[in-house]
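Residue numbers (our numbering), protein chains in the order written: chain A, 1 to 483; chain B, 484 to 966.
We put the CB at the ideal spot given by N, CA and C, even for glycine.
Below is one structure, written out as structure tokens; comments come after it.
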């Protein structure tokens with residue numbers, strides 16, 4: 001017998017089927033009772049809005065109503081009636097209530113009061129039942145769907161690049177080892193080294209830091225592709241911006257140069273933000289309010305100028321600033337915080353790597369807009385970036401967002417075999433390991449480009465949350481792999 | 484200067500813009516030349532169909548034409564004209580051709596001749612440039628998009644469950660270890676054991692075999708969720724059906740019982756197949772032809788009765804057969820191959836685990852339809868499956884597809900805390916490790932259900948390929964982590 005005869009609260013709110021008998025199922029958020037009536041605020045996760053259930057103690061037995069405490073899961077059948085008191089247009093007059101699962105008020109941790117984000121992180125298995133995290137994960141879903149829709153609508157193909165990789169040539173960061181050997185007691189070769197020939201893949205294997213190189217292979221066949229998968233960094237970074245396991249979106253496009261790449265990235269970022277604005281209005285309103293309350297606890301001069309929704313609209317409606325690294329260095333060198341030695345890392349000469357403080361100065365103080373920084377010195381960028389005519393810079397781009405810093409990194413790729421192998425030699429990257437990558441420069445090479453978007457940083461930006469651990473369901477960080 | 488001024492071949496074929504000057508970019512598949520004219524078959528990955536470029540040697544220099552060999556990447560500007568000779572309605576009269584990247588005919592491995600799938604697997608970095616693999620990966624993309632569209636349209640939320648996990652309780656298979664310790668020389672505790680406190684996560688960690696348990700946590704807040712992510716098995720299975728790294732789709736739904744779960748799974752599978760039929764017509768036609776040629780190499784009595792497209796339509800248009808394990812055992816026990824001892828594993832009594840040969844007999848010989856098998860003996864299924872009233876079976880379901888065997892496994896989940904913990908004790912699963920999973924039975928529990936679809940098995944079914952290594956871009960199997 002099918003059990004799922006319920007209607008979702010989102011549908012009831014959209015349609016207000018006055019006079020109809022319906023069944024709702026969901027979790028009790030709060031219950032207010034007096035002698036004559038009980039009001040239950042019910043949430044089923046389909047929307048942030050609770051639906052009001054009205055229970056008459058003459059109709060619903062007292063022991064049932066007693067069990068309808070915060071967190072309990074209940075099934076209500078009743079009639080939709082016009083609502084006079086509440087802010088909603090309709091409410092449900094309960095005929096029957098069935099308690100599907102209780103939640104002992106003495107033990108259930110999510111009682112209706114304000115909980116700190118730190119506390120909720122410890123009970124990540126329950127935190128999605130709160131308004132804040134329900135909203136965050138609905139918005140996260142919408143952003144993920146927008147990513148797929150954007151690329152699908154434009155004829156890009158989704159490629160699943162490998163998670164386990166034997167290559168560690170990309171050098172994007174420290175890697176996790178993957179093995180089936182007994183750690184501490186592996187088989188050894190005659191000279192005493194670990195005998196990786198006996199490991200599962202018959203060689204050393206790691207978790208990927210990027211699907212880019214494999215993505216390029218696919219782009220050299222299908223023209224326009226994207227990846228959307230997990231990537232890993234085994235770095236001991238306990239910050240509000242880093243995860244050991246995070247999701248990346250990496251489009252790679254044949255026939256794109258650096259400017260095409262910038263155009264695509266800007267259009268793509270605006271699209272997915274606009275999609276969230278259109279499809280997550282209520283969740284974003286709630287998150288905006290939450291962010292505002294957080295802002296209000298800061299000193300006045302550190303508060304954001306724009307509210308969350310204004311900020312998102314501002315990004316969608318305005319051109320990103322595009323300037324070269326060289327121009328940025330000039331601005332930074334002559335900036336007040338540099339002259340007054342307020343930067344932790346002072347900008348003295350061309351070639352310096354930009355720190356978060358510099359990126360944020362450019363975005364938040366100088367331009368007050370998202371910024372696309374291009375043409376970085378080759379010595380601070382990866383081997384595969386296309387070398388510019390000047391012999392000093394590469395066709396890189398980083399996109400910097402207010403409050404986030406770098407959200408996108410990309411480049412035109414070096415398609416010229418001689419230039420690429422020369423750079424690999426300079427950087428001590430063994431050609432044998434990347435023979436397959438070099439083949440795409442040997443056979444039917446073409447100008448091409450791509451970028452990577454850290455998905456959690458985008459969710460952070462759109463939800464206005466401030467710690468990246470709060471925008472992924474079960475965060476992995478140093479010392480933490482719970483759930 | 485933006486470089487990407489090209490039109491995709493798919494758009495040109497759809498619109499046939501006769502008389503317009505356009506630019507195409509792509510890879511040469513073949514070139515046929517005589518004294519008066521060269522015909523170049525161009526492919527850009529947007530479609531399986533090559534576009535015919537006509538080059539007059541009086542217009543295009545001989546040395547340029549010479550470089551337009553198979554695999555070369557070229558840019559052509561010219562005028563779209565009606566095509567008389569070729570099977571297409573239009574073709575391109577080249578005004579200029581620029582060779583973006585040559586492909587030395589002496590060295591390029593993909594010359595226009597038939598290559599074995601085994602050979603192409605060795606050059607997986609290039610195989611997407613063939614008709615077969617171009618088609619496979621376009622269909623794979625369409626199926627992945629259909630998954631997201633199906634669930635998004637129905638109000639399910641996409642959850643990214645963790646890839647790295649400290650839990651190994653699910654017991655779905657052998658796991659890969661994830662570590663940052665030096666494998667041959669890890670730090671040790673006083674009693675000589677590996678000191679995992681010094682590992683990245685301060686405990687032992689593995690790659691996930693399933694996102695189900697975490698998915699259930701999310702369903703207990705958002706009602707209907709799905710995962711779509713990589714999962715791993717460190718099993719030494721060198722078969723045409725197993726990968727060490729593969730992608731799974733795992734919906735979990737609050738308020739669903741076993742029947743709701745079956746209904747959803749059947750509807751979902753039909754939807755994504757129908758989506759591929761509607762959106763991948765040309766690729767499927769090609770793959771059907773390829774599969775037919777493969778069938779024709781088999782003895783007549785082993786050939787499939789239906790062609791690929793007929794098979795897909797048959798699945799979409801017919802109800803799946805639903806029967807219990809107990810009914811299936813009766814059928815199998817009385818079947819000819821069992822009586823004649825043709826099965827490798829004879830079915831003698833209730834309780835036997837079904838092997839692939841039994842599943843295929845039911846699907847391919849007895850019912851000739853997809854089959855949903857339900858209510859398996861509890862002793863051959865996982866601890867979290869809901870126990871039926873009979874005390875012997877659980878509310879499991881496996882969906883079996885012709886030529887594939889098990890494509891979906893799922894169940895109603897045990898929501899009753901006492902029954903669940905009792906089963907865990909019987910199966911020696913430590914409660915402490917799954918405290919968070921048990922919490923969802925302590926607080927606001929509800930009937931719920933879910934299933935897992937092995938994505939590559941679905942791609943295998945829809946593309947008619949016969950080896951699972953040929954439907955994922957860069958397969959990971961024992962001894963193989965190349966690219």
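Given a limit of 8 Å on CB to CB distance, which residues of the stretch 249-267 of chain A reach chain B?
Within the stretch 249-267 of chain A, the qualifying residues are 253, 254, 255, 256, 257, 259, 260, 263.
Please classify residue 376(A): does DSSP put it in a helix, a strand, or coil?
Translated into positions along the first chain, residue 376(A) becomes position 376. Here residue 376(A) sits in strand by DSSP.
Would you report the Cα separation of residue 627(B) and residue 206(A), rounded to the nearest angstrom?
The residue given as residue 627(B) occupies position 144 in the second chain. The residue given as residue 206(A) occupies position 206 in the first chain. Their Cα atoms are separated by approximately 26 Å.
Output the boundary residues of the beta strand (DSSP E) element that contains residue 880(B).
Working through the second chain from its first residue, we reach residue 880(B) at position 397. Unbroken beta strand (DSSP E) run through residue 880(B): 876-884.
Would you say the stretch 315-329 of chain A touches the stretch 366-378 of chain A, given that touching needs at least three Cβ pairs under 8 Å?
Counting Cβ pairs under 8 Å, three or more are found: they touch.
Just to confirm, are residue 125(A) and residue 253(A) a CB contact at a threshold of 8 Å?
Translated into the one-based positions of the first chain, residue 125(A) becomes position 125. Translated into the one-based positions of the first chain, residue 253(A) becomes position 253. Contact flag unset, no.
Have a look at residue 30(A) and residue 723(B) and give me their C-alpha separation to the nearest angstrom.
As a first step, residue 30(A) must be located in the first chain, where it is residue number 30. As a first step, residue 723(B) must be located in the second chain, where it is residue number 240. About 54 Å.
State yes or no: is the beta carbon of residue 891(B) nearer than 8 Å to at least one beta carbon in chain A?
Along the second chain, one-based indexing puts residue 891(B) at 408. It does not: the Cβ of residue 891(B) has no partner Cβ on chain A nearer than 8 Å.
Rounded to the nearest angstrom, what separates residue 556(B) and residue 227(A) at their Cα positions?
Residue numbering aside, residue 556(B) sits at position 73 when the second chain is read from its first letter. Residue numbering aside, residue 227(A) sits at position 227 when the first chain is read from its first letter. Rounded to whole angstroms, residue 556(B) to residue 227(A) spans 23 Å at the Cα level.
Let me check understanding here. Comparing Cα to Cα, which of 539(B), 717(B), 544(B) lies closest to residue 576(B)?
To locate residue 576(B), count along the second chain from 1; it is residue 93. Residue 539(B) is the option with its Cα nearest to residue 576(B).
Leaving aside the five residues before and after residue 775(B) along the sequence, list all residues of the same chain whose C-beta is less than 8 Å from its C-beta, in chain order.
Taking the second chain and counting its residues from 1, the one referred to as residue 775(B) is at position 292. Result list for residue 775(B): 790, 791, in chain order.
Could you tell me which residues DSSP pairs with residue 38(A) in its beta bridges?
Your numbering for residue 38(A) matches position 38 in the first chain. Residue 38(A) is bridged to 33(A), 55(A).
With which residues is residue 82(A) paired in a DSSP beta bridge?
Numbered from its first residue, the first chain carries residue 82(A) at position 82. Partner(s): 90(A).
Run down chain B in chain order and give the residues with a C-beta less than 7 Å from the C-beta of residue 73(A).
Locating residue 73(A) in the first chain gives position 73, counting from the first residue. Result: 927, 928, 929.
Can you tell me whether residue 142(A) is buried or exposed, with buried defined as 16 or more other CB within 10 angstroms of its CB?
Along the first chain, one-based indexing puts residue 142(A) at 142. Buried: at least 16 other Cβ atoms inside 10 Å.
Do you know how far the Cα of residue 891(B) is from the Cα of residue 940(B)?
Residue 940(B) sits at position 457 when you count from the first residue of the second chain. Residue 891(B) sits at position 408 when you count from the first residue of the second chain. If I take the Cα positions, the gap works out to 9 Å.
Kindly list the residues whose CB is nearer than 8 Å to the CB of residue 417(A), restricted to its own chain and excluding five residues on each side of it in sequence; keep chain order.
Counting from 1 along the first chain, the entry for residue 417(A) is found at position 417. 438, 441, 442, 445, listed in sequence order.
Determine the direct distance from the alpha carbon of residue 730(B) to that of residue 536(B), and round the result to whole angstroms.
Indexing the second chain from 1 puts residue 536(B) at position 53. Indexing the second chain from 1 puts residue 730(B) at position 247. So the alpha carbons of these two residues sit roughly 39 Å apart.
Among 412(A), 475(A), 348(A), which one has its Cα closest to the Cα of residue 378(A)?
Residue numbering aside, residue 378(A) sits at position 378 when the first chain is read from its first letter. Comparing Cα positions, the closest option is 412(A).
Go ahead and pull the three-state DSSP assignment for residue 427(A).
Residue 427(A) sits at position 427 when you count from the first residue of the first chain. Coil.
Go to residue 690(B), then tell me how far its alpha helix (DSSP H) extends in each direction, as first and last residue.
Translated into the one-based positions of the second chain, residue 690(B) becomes position 207. Here residue 690(B) belongs to no alpha helix (DSSP H); instead the beta strand (DSSP E) covers 688-690.
Along the chain, where does the alpha helix (DSSP H) that runs through residue 742(B) open and close?
Here residue 742(B) refers to the residue found at position 259 of the second chain. Its alpha helix (DSSP H) spans residues 741-762.
How would you list, in chain order, the residues of chain A whose beta-carbon sits under 8 Å from the beta-carbon of residue 662(B)?
For the purposes of this step, residue 662(B) is identified with residue 179 of the second chain, where counting begins at 1. Near residue 662(B) (Cβ distances below 8 Å), the residues of chain A are 176, 177, 179, 183.
What are the residues of the stretch 105-128 of chain A that lie near chain B, defined by any Cβ-Cβ distance shorter than 9 Å?
The stretch 105-128 of chain A vs chain B, Cβ under 9 Å: 107, 108, 109, 110, 123, 124, 125, 126, 127, 128.
Helix, strand or coil: which one does DSSP assign to residue 358(A)?
The residue labelled residue 358(A) in the question sits at position 358 within the first chain. Helix.
For the candidate residues 714(B), 777(B), 505(B), 487(B), whose alpha-carbon lies nearest to that of residue 495(B)?
Here residue 495(B) refers to the residue found at position 12 when the second chain is read from its first residue. Per the Cα distances, 505(B).
Using CA coordinates, which residue listed in 947(B), 643(B), 825(B), 748(B) is at the minimum distance from residue 767(B)?
Start at 1 with the first residue of the second chain, and residue 767(B) comes out as number 284. Looking at the Cα atoms, 947(B) is the closest of the given residues.
Quick one, which residues of the stretch 195-206 of chain A are near chain B if we go by CB-CB under 7 Å, in chain order?
The residues in question are 200, 201, 202, 203, 205.
Which whole-angstrom value is the C-beta distance of residue 760(B) and residue 795(B), which I expect to be below 8 Å?
Looking up residue 760(B) in the second chain gives position 277. Looking up residue 795(B) in the second chain gives position 312. Sure, about 6 Å apart at Cβ, within 8 Å.
Mind the definition here: the stretch 188-205 of chain A touches the stretch 684-699 of chain B only if three or more C-beta pairs lie below 8 Å; say whether that holds.
The stretch 188-205 of chain A is not in contact with the stretch 684-699 of chain B.
Can you give the beta carbon distance from residue 528(B) to residue 221(A), rounded, assuming they're within the 8 Å contact cut?
For the purposes of this step, residue 528(B) is taken as the residue at position 45 of the second chain. For the purposes of this step, residue 221(A) is taken as the residue at position 221 of the first chain. That pair is a contact at about 5 Å.
Quick check: is the beta carbon of residue 242(A) nearer than 8 Å to any beta carbon in chain B?
For the purposes of this step, residue 242(A) is identified with residue 242 of the first chain, where counting begins at 1. No, no contact with chain B.
Along the stretch 945-965 of chain B, where does the CB come closer than 9 Å to a CB of chain A? Name the residues.
So the list reads 955, 956, 957, 958, 959, 960, 961, 962, 963, 964, 965, given in the order they occur along the chain.
Tell me whether the beta-carbon of residue 304(A) lies closer than 8 Å to the beta-carbon of residue 295(A).
Within the first chain, numbered from 1, the residue matching residue 304(A) stands at position 304. Within the first chain, numbered from 1, the residue matching residue 295(A) stands at position 295. Yes, these two residues count as a Cβ contact at 8 Å.
Helix, strand or coil: which one does DSSP assign to residue 948(B)?
One-based indexing of the second chain puts residue 948(B) at position 465. Residue 948(B): coil per DSSP, three-state reduction.
Pick out whichever of 526(B), 487(B), 798(B), 651(B) has its Cα sitting closest to the Cα of residue 750(B).
Taking the first residue of the second chain as 1, we reach residue 750(B) at position 267. When only C-alpha atoms are compared, the closest one is 798(B).
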